[in-house]
Amino acid sequence: MEPNTLSRTTHHITDVTWVKAEAANRLGLIAALNARRTVEQVVSDPQKRQQLREEIVASRQEFVKLIETLQALVTLGEGKDLLTKIEEARGIYVKSQVRFYELLDAGDEDAAIHELQTVTLVVVQPHLAGLRRHGRAGKARRPGRYPGGPCMRPIWPAGS
């Protein structure tokens with residue numbers, strides 16, 4: 177292998193493939209953590225609810241940055257389509273989450289739980305499923321592109 181080819185390959189693995197894998201992993205983790213934080217509010221006092229909501233808002237900033245990273249690095253149409261779907265799902269999720277907060281804060285726990293079970297958490301699944309599809313599609317397109325063997329492949333969060 178020529179030095180330039182090796183250099184380009186190394187650059188691609190470290191500055192593109194691994195960055196995309198880490199961004200996708202973080203997105204899945206943030207979605208899962210925020211889903212847990214949202215559910216936890218049902219059994220929390222108002223002070224704990226506020227703390228959980230602040231954690232969710234803080235993680236949204238990282239989520240947006242990670243989406244921007246992937247938008248810059250993903251080049252294939254399939255990957256770009258998945259990012260668009262994830263963004264659309266996120267918009268629905270945030271609106272439903274606000275509705276959940278309103279119902280919970282008004283003391284209508286049954287309606288809040290219904291919103292949570294039928295909209296808020298249901299919409300998280302496209303985040304996680306989209307990230308899984310993106311990872312599988314990347315592996316299918318590039319068989320054997322991980323010279324270090326299975327340990328070099330992107331790792332997805334358990335249960336995602």
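Using my numbering, the letters of the sequence shown map in sequence onto residues 177 to 336.
Glycine is no exception: its CB is placed at the ideal position from the N, C-alpha and C atoms.
None of the values given here were measured: they were computed from a predicted structure.
- Selection Asp286, Ser272 and Leu280 evaluated against Val298 yields Ser272 as nearest (Cα-Cα).
- Between Val218 and Ile289, the gap from beta carbon to beta carbon is short of 9 angstroms.
- At the C-beta level, Val300 and Ala208 come within 9 angstroms of one another.
- Taking 9 angstroms as the cut-off, the beta carbon of Leu259 is found closer than this to the beta carbon of Val250.
- In the DSSP assignment, Ala248 falls within the alpha helix (DSSP H) that extends over Pro222 to Leu249.
- With a contact defined as Cβ atoms closer than 8 angstroms, Arg213 and Glu231 qualify at about 6 angstroms.
- Between Arg266 and Val295, the C-beta spacing is not below 9 angstroms.
- Look at Asp284 here: in three-state DSSP terms it is coil, with no helix or strand label.
- Looking at the backbone, the Cα of His188 and that of Ala199 are separated by about 15 angstroms.
- Look at Val299 here: in three-state DSSP terms it is coil, with no helix or strand label.
- If the five residues before and after Leu279 are omitted, its C-beta is found closer than 7 angstroms to the C-beta atoms of Ala287, Ala288 and Glu291, all from its own chain and listed in chain order.
- Take the alpha-carbon of Ser220 and the one of Gly253: they are about 43 angstroms apart.
- In this model, Glu216 and Leu246 are separated by some 30 angstroms (Cα to Cα).
- The beta carbons of Glu238 and Ile268 sit no closer together than 9 angstroms.
- Between Arg236 and Tyr277, the gap from beta carbon to beta carbon reaches 9 angstroms or more.
- Annotated as distal: Asp284 and Arg225, with beta-carbon spacing of 9 angstroms or more.
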